[in-house]
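Participant: Taking the working numbering, I'd label the letters of the sequence shown as residues 17 to 554. Dumping the structure here so I can ask a few things about it.
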Amino acid sequence: MNNDREFFQEPAVLSNQYQDDGVLRAWLKARMPAEVLREIQPGLERLGGRAAGELLVMAADAEAHPPRHIPYDPWGRRVDRIEVAEGWKALQRVAAEEGIVASAYERRQGPWSRLHQFVRLYLYNPSSALYSCPLAMSDGAARVLELHADADLKQHWLPHLLSRDPRTFWTSGQWMTERTGGSDVSGTTTLALLENGGYRLHGSKWFTSATTSELALTLARDEALDAGGKLSLFGLELRDAQGNLNNICVNRLKDKLGTRALPTAELTLAGTPAVRIGAAGHGVKNITTVLNITRVYNAVCAVSYMRRGLALAEDYARKRRAFGKLLMEHPLHRETLADLLAEFTGALHLVMHLGVLLGRDETGVASGDDQALLRLLTPVAKLYTAKQAIASASEVLECFGGLGYIEDTGLPSLLRDCQVLSIWEGTTNVLSLDVLRVIENADVLEVLAADVTRQLAGLQRPELMVLRVSIQRALKDIIVWPQSAGKSGRDSLEAGARRFAFSVARTYTAALLAGAAQNGHVSNDTLQRWCRAPLTLL
Ligand code: MFK
17 MNNDREFFQE
27 PAVLSNQYQD
37 DGVLRAWLKA
47 RMPAEVLREI
57 QPGLERLGGR
67 AAGELLVMAA
77 DAEAHPPRHI
87 PYDPWGRRVD
97 RIEVAEGWKA
107 LQRVAAEEGI
117 VASAYERRQG
127 PWSRLHQFVR
137 LYLYNPSSAL
147 YSCPLAMSDG
157 AARVLELHAD
167 ADLKQHWLPH
177 LLSRDPRTFW
187 TSGQWMTERT
197 GGSDVSGTTT
207 LALLENGGYR
217 LHGSKWFTSA
227 TTSELALTLA
237 RDEALDAGGK
247 LSLFGLELRD
257 AQGNLNNICV
267 NRLKDKLGTR
277 ALPTAELTLA
287 GTPAVRIGAA
297 GHGVKNITTV
307 LNITRVYNAV
317 CAVSYMRRGL
327 ALAEDYARKR
337 RAFGKLLMEH
347 PLHRETLADL
357 LAEFTGALHL
367 VMHLGVLLGR
377 DETGVASGDD
387 QALLRLLTPV
397 AKLYTAKQAI
407 ASASEVLECF
417 GGLGYIEDTG
427 LPSLLRDCQV
437 LSIWEGTTNV
447 LSLDVLRVIE
457 NADVLEVLAA
467 DVTRQLAGLQ
477 RPELMVLRVS
487 IQRALKDIIV
497 WPQSAGKSGR
507 DSLEAGARRF
517 AFSVARTYTA
527 ALLAGAAQNG
537 HVSNDTLQRW
547 CRAPLTLL
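See the structure below:
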């Protein structure tokens with residue numbers, strides 16, 4: 017029995033996650049056309065409320081009842097059912113209703129549609145137990161179909177991926193990884209054999225996320241090619257009209273550090289019917305369309321976790337007393353929260369800017385410079401925000417003291433789930449090498465320099481002048497680095513690729529924040545904190 021005089025801590029409580037997010041709202045007000053914001057705001061407010069209420073209940077249920085693999089029915093027949101929680105199914109329904117994928121493709125807000133969708137994803141993700149993972153892959157699949165599929169396939173699959181009706185909404189997996197590797201997919205051994213005019217896939221896949229999806233995209237060696245060695249991209253339906261798996265065997269579910277509500281399986285494909293998407297032998301190139309979408313999703317989700325952690329830590333700091341006062345009244349604790357806020361604000365500015373570029377690209381209004389920046393900033397934002405989210409989640413747990421380490425506060429899953437962000441969809445090092453791949457085109461760095469210079473040209477407030485010089489200096493270091501590092505050979509470039517990518521992230525974000533500080537949308541304190549850490553590591 018509780019004794020009334022005993023002390024109990026007040027848990028952190030979330031309020032409406034749109035209304036409560038001053039950083040997001042300031043960014044939208046500053047960057048989005050007022051009529052677009054007016055149109056989408058009621059929907060964001062509704063979703064912000066759901067994210068702080070019913071979605072949390074669904075996510076808790078999904079976390080508490082992780083997926084189960086049922087290999088056989090009671091009579092010994094192989095069935096390979098994957099059972100998921102009711103909460104997980106409810107999160108799928110909400111995703112469809114809220115148009116988390118569809119809103120990007122309906123293009124009701126023209127070039128701002130992608131940004132609108134990313135704000136929805138940002139509100140949904142931290143309350144979704146990672147249902148955002150199947151959504152990311154489904155979005156990537158939709159983009160691949162839009163760009164590379166024939167009319168029949170588009171007509172057949174796209175309406176499902178873009179449906180807002182939970183009864184007809186489908187998700188897609190993306191099966192790239194085999195036992196030979198997930199980064200270097202050149203060792204893929206799955207064979208695509210031609211049988212009676214159609215392809216059938218034979219092989220095994222080592223990591224397949226969201227294995228309960230209706231569709232999947234995958235790579236296989238294409239028998240139709242003379243050399244036989246090249247990979248093509250294939251799409252497949254997991255089940256036939258009766259609901260039986262299409263010659264797919266689920267070997268087991270993975271036992272993972274985090275993302276525990278998300279079913280991730282090892283599969284064997286034993287003659288699974290599939291359709292080639294795009295030109296034969298161009299599989300790796302074509303699947304990068306998916307990767308470039310899922311990588312931006314990853315960055316949006318990383319920022320959303322940073323925001324969620326901060327919201328919880330701030331609320332707790334206003335309730336929790338220690339040493340005679342609230343945590344919020346302790347200068348050092350306030351300092352910690354202000355640093356978290358600065359890192360989150362920088363990440364949000366970088367990622368939302370990326371959403372603007374992607375939206376322009378997908379609606380045909382991007383300039384060549386926009387496209388070059390989009391290609392460069394996609395791996396940069398993915399790799400950098402993933403590392404930020406992990407560090408931020410770790411700090412947030414500490415803000416709760418011992419309770420941050422206690423499972424049923426829900427806090428440990430924040431750290432576990434953030435940890436995957438720097439692994440899937442390309443590790444930090446693989447993405448740093450992708451950045452090197454991008455800057456082999458010398459024009460890209462010129463575009464970056466011109467863009468940063470243009471942003472700095474608008475700075476007039478005297479207190480920003482010192483920072484302007486620091487950002488210009490950092491930019492110069494970035495521009496000269498490829499040539500100076502390249503003098504010592506390719507190994508030296510590769511060894512420095514991560515430091516280079518981090519430098520681009522910190523410097524470009526500093527320029528975005530400085531522009532926002534000039535216009536009063538970001539505080540000087542936040543900007544100063546961002547720039548206090550070195551802008552380049554070169
Ligand atoms: C919350 C968010 C949820 C996210 C969902 C996660 C669930 C899904 C879990 C997974 O599926 S995890 C598996 C993810 N796997 C990866 O991210 C793969 C990592 N490896 C790479 O990214 C490699 O760079 C890649 C396999 C793409 C290519 O390696 P290669 O074969 O050594 O590269 P190559 O030969 O340089 O590139 C082939 C072509 O693709 C080239 O074009 P060309 O043929 O025209 O020369 C490259 O320029 C092009 N390319 C490579 N990366 C590109 C790209 N083009 C555009 N964008 C890119 N990112």
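A virtual CB, placed ideally from N, CA and C, is assigned to each residue, including glycine. Here the structure is a predicted model, which is why all the values come from computation and not from measurement.
Can you determine whether any heavy atom of the ligand MFK sits closer than 7 Å to the C-beta of Leu307, and answer yes or no?
Facilitator: Yes - the ligand MFK has a heavy atom lying nearer than 7 Å to the Cβ of Leu307.
Participant: Out of Leu553, Asp200 and Gly536, which one is the CA nearest neighbour of Gly43?
Facilitator: The sequence given here places Trp at residue 43; Gly does not occur at that position. Looking at the Cα atoms, Gly536 is the closest of the given residues.
Participant: Kindly say whether Arg130, judged by its beta-carbon, lies nearer than 8 Å to any beta-carbon of chain D.
Facilitator: Here chain D cannot be found, since the structure has a single protein chain.
Participant: Can you list, in chain order, the residues of its chain with a C-beta nearer than 6 Å to that of Arg391? Leave out the 5 residues immediately preceding and following it.
Facilitator: Closer than 6 Å at the Cβ level, and outside the excluded window around Arg391, lie Val454.
Participant: Just verifying my parser: in three-state terms, what is the DSSP assignment at Lys492?
Facilitator: The answer is helix: DSSP assigns Lys492 an H, G or I state.
Participant: Quick check: is any heavy atom of the ligand MFK less than 7 Å from the C-beta of Ala152?
Facilitator: Indeed, a heavy atom of the ligand MFK lies less than 7 Å from the Cβ.
Participant: Exposed or buried, which one is Val555 when buried takes at least 16 other CB atoms within 10 Å?
Facilitator: Nothing about residue 555 can be reported from this structure: the residues present for the chain run from 17 to 554 only.
Participant: For the stretch 136–152 against the stretch 392–400, are there 3 or more C-beta pairs whose distance is under 8 Å?
Facilitator: No: fewer than three Cβ pairs fall under 8 Å.
Participant: Exposed or buried, Gln35, counting other C-beta atoms within 10 Å across all chains shown (16 or more means buried)?
Facilitator: Classification for Gln35: exposed.
Participant: Can the beta-carbon of Pro87 be found closer than 8 Å to that of Arg94?
Facilitator: Contact flag set, yes.
Participant: In angstroms, rounded to a whole number, what distance separates the CA positions of Ala120 and Ala327?
Facilitator: So the two alpha carbons sit approximately 27 Å from each other.
Participant: Between the Cα of Pro27 and those of Ala295, Ser410, Leu348 and Ala329, spot the shortest distance and give me the residue it belongs to.
Facilitator: Nearest option by C-alpha distance: Ala329.
Participant: By DSSP, does Ser229 sit in helix, in strand, or in coil?
Facilitator: If DSSP states are grouped into helix, strand and coil, Ser229 belongs with coil.
Participant: Is the Cβ-Cβ distance between Gly502 and Ile309 less than 8 Å?
Facilitator: It is not a contact, given that the beta carbons lie outside the stated cut-off.
Participant: Within 10 angstroms of its Cβ, does Arg470 collect 16 or more other Cβ (buried), or is it exposed?
Facilitator: That one is exposed.
Participant: Quick check on the burial criterion: 16 or more other C-beta atoms within 10 angstroms. Buried or exposed for Lys221?
Facilitator: When all chains shown are included, Lys221 counts as buried.
Participant: To which residues of the same chain is Ser539 closer than 8 Å at the C-beta, ignoring the five residues directly before and after it?
Facilitator: So the qualifying residues of the chain are Ala533.
Participant: Under 8 Å, with one C-beta from each stretch per pair, do the stretch 540–553 and the stretch 487–496 reach the 3-pair mark?
Facilitator: Touching, per the Cβ criterion.
Participant: Per DSSP, which one or two residues make a beta bridge with Arg337?
Facilitator: Note: Arg337 sits in a beta bridge opposite Leu342.
Participant: With hydrogens ignored, establish whether the beta-carbon of Trp440 is closer than 7 Å to any heavy atom of the ligand MFK.
Facilitator: Trp440 Cβ: within cutoff of the ligand MFK.
Participant: Taking 7 Å as the line, does the beta carbon of Phe223 fall inside it for any heavy atom of the ligand MFK?
Facilitator: Correct: Phe223 has its Cβ closer than 7 Å to the ligand MFK.
Participant: Are Gln133 and Pro182 close, meaning C-beta to C-beta below 8 Å?
Facilitator: No, Cβ-Cβ distance for Gln133 and Pro182 is not below 8 Å.
Participant: From the DSSP output, read off the bridge partner residues of Ile86.
Facilitator: DSSP, once it has assigned bridges, lists Arg97 as partnering Ile86.
Participant: On the DSSP letters alone, give me the boundaries of the alpha helix (DSSP H) that Val135 sits inside.
Facilitator: Unbroken alpha helix (DSSP H) run through Val135: Ser129 to Tyr140.
Participant: Assess, as a yes-or-no matter, whether the stretch 291–306 is touched by the stretch 230–242 under the definition of 3 or more beta carbon pairs within less than 8 Å.
Facilitator: Touching, yes, given that three or more Cβ pairs across the two stretches are closer than 8 Å.
Participant: Measure the beta-carbon distance from Ser429 to Ala402 and round it to whole angstroms, keeping in mind my assumption that it falls under 8 Å.
Facilitator: The pair is not a contact, with the Cβ atoms about 17 Å apart (cut-off 8 Å).
Participant: Taking 8 Å as the cut-off, does the stretch 507–526 touch the stretch 336–353 (at least 3 CB pairs, one atom from each stretch)?
Facilitator: They do not touch, by the three-pair rule.
Participant: Looking at Tyr321: is its Cβ nearer than 8 Å to the Cβ of Phe416?
Facilitator: The answer is no: Cβ separation not under 8 Å.
Participant: Using 8 Å as the cut-off, can you tell me whether the stretch 299–318 makes contact with the stretch 156–174, which would need three or more C-beta pairs spanning the two stretches below that distance?
Facilitator: Segments in contact, yes.
Participant: Heavy atom of the ligand MFK less than 7 Å from the Cβ of Asp450, yes or no?
Facilitator: Yes, the ligand MFK has a heavy atom inside 7 Å of this Cβ.
Participant: Between Cys317 and the ligand MFK, is the CB less than 7 Å from at least one heavy atom?
Facilitator: Cys317: yes, Cβ under 7 Å from the ligand MFK.
Participant: What is the C-beta distance between Ala277 and Ala78, in whole angstroms, given that I count them as a contact (C-beta under 8 Å)?
Facilitator: Correct: roughly 4 Å between the Cβ atoms.
Participant: When the Cα atoms are used, what is the spatial distance from Val110 to Arg180?
Facilitator: The alpha-carbon atoms of Val110 and Arg180 are separated by roughly 9 Å.
Participant: How is the alpha helix (DSSP H) around Ile56 delimited, first residue to last?
Facilitator: Looking at the DSSP string, the run of the alpha helix (DSSP H) that includes Ile56 is Ala50 to Ala67.
Participant: Quick check: what's the CA-CA separation for Val463 versus Thr379?
Facilitator: Approximately 21 Å, taken between the alpha carbons.
Participant: For His218, write down the residues that DSSP places opposite it in a beta bridge.
Facilitator: His218 is bridged to Leu207 and Ala286.
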